[in-house]
Amino acid sequence: MEKRSRHSPLGSDTLNQKAWTFFFSNFPDMETECSMWKTFACLGVIVDLYIARKKSKWGKRFGFVRFIKVANWKALENDLNSIWIGNFRIRANLARFNRIAHKNHGDQAGVLNRSLAVSNGNLQPRNITSGADLLLKW
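In UniProt numbering, the protein residues as written are 1 to 138.
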């Protein structure tokens with residue numbers, strides 16, 4: 001069994017800085033993280049991609065992809081939803097929650113945070129970098 005690495009080639013500061021995370025599903029079982037990375041790479045700068053080992057409650061595979069340097073997240077979401085792999089059309093939504101990395105741990109911690117903040121009626125990505133920041137805002 002291959003070892004999965006959750007570390008991105010870029011630093012965690014880059015990931016938390018204006019990164020947009022999308023949940024995606026409805027893709028063939030034979031697709032791997034590498035092949036999905038290549039599929040999504042034509043749409044923007046990918047910094048992280050994860051496909052879960054388990055399946056959803058509907059028995060479908062799912063994953064998350066994170067992009068940076070996104071000018072319009074709604075247009076990117078529409079582009080993701082227009083991708084076809086064989087007879088499967090990718091279904092993508094903006095992730096409801098976002099994982100945050102703790103500075104005192106080397107890996108991704110299990111702290112969940114809302115990935116969007118409402119500012120003047122517009123959706124903006126959050127820039128919280130640690131669990132301490134989350135507690136301070138609580």
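Where is the CB? At the ideal position from N, CA and C, for every residue including glycine.
Owing to the predicted nature of the structure, the values given are computational and were not obtained by experimental measurement.
So what does DSSP say about residue i, is it helix, strand or coil?
| i | result |
| --- | --- |
| Thr-21 | strand |
| Trp-37 | helix |
| Asp-29 | coil |
Can you give me the C-alpha to C-alpha distance between residue i and residue j, rounded to a whole angstrom?
| i | j | result |
| --- | --- | --- |
| Arg-61 | Phe-24 | 9 Å |
| Ser-82 | Gly-59 | 22 Å |
| Cys-46 | Ala-75 | Correcting the residue identity first, residue 46 is Ile in this sequence and not Cys. So the two alpha carbons sit approximately 16 Å from each other. |
| Asn-72 | Leu-94 | 12 Å |
| Ile-85 | Ile-51 | 16 Å |
| Glu-33 | Lys-18 | 23 Å |
| Glu-77 | Trp-37 | 16 Å |
| Leu-80 | Gly-44 | 11 Å |
| Trp-20 | Leu-49 | 12 Å |
| Val-70 | Arg-91 | 19 Å |
| Ala-41 | Phe-97 | 23 Å |
| Lys-57 | Phe-67 | 26 Å |
For the alpha helix (DSSP H) containing residue i, name the first residue and the last one.
| i | result |
| --- | --- |
| Ala-95 | Unbroken run through Ala-95: none, as it is neither H nor E. |
| Leu-80 | 73–81 |
Name, in chain order, the residues that DSSP records as bridge partners for residue i.
| i | result |
| --- | --- |
| Arg-66 | Thr-21 and Asp-48 |
| Trp-84 | Arg-89 |
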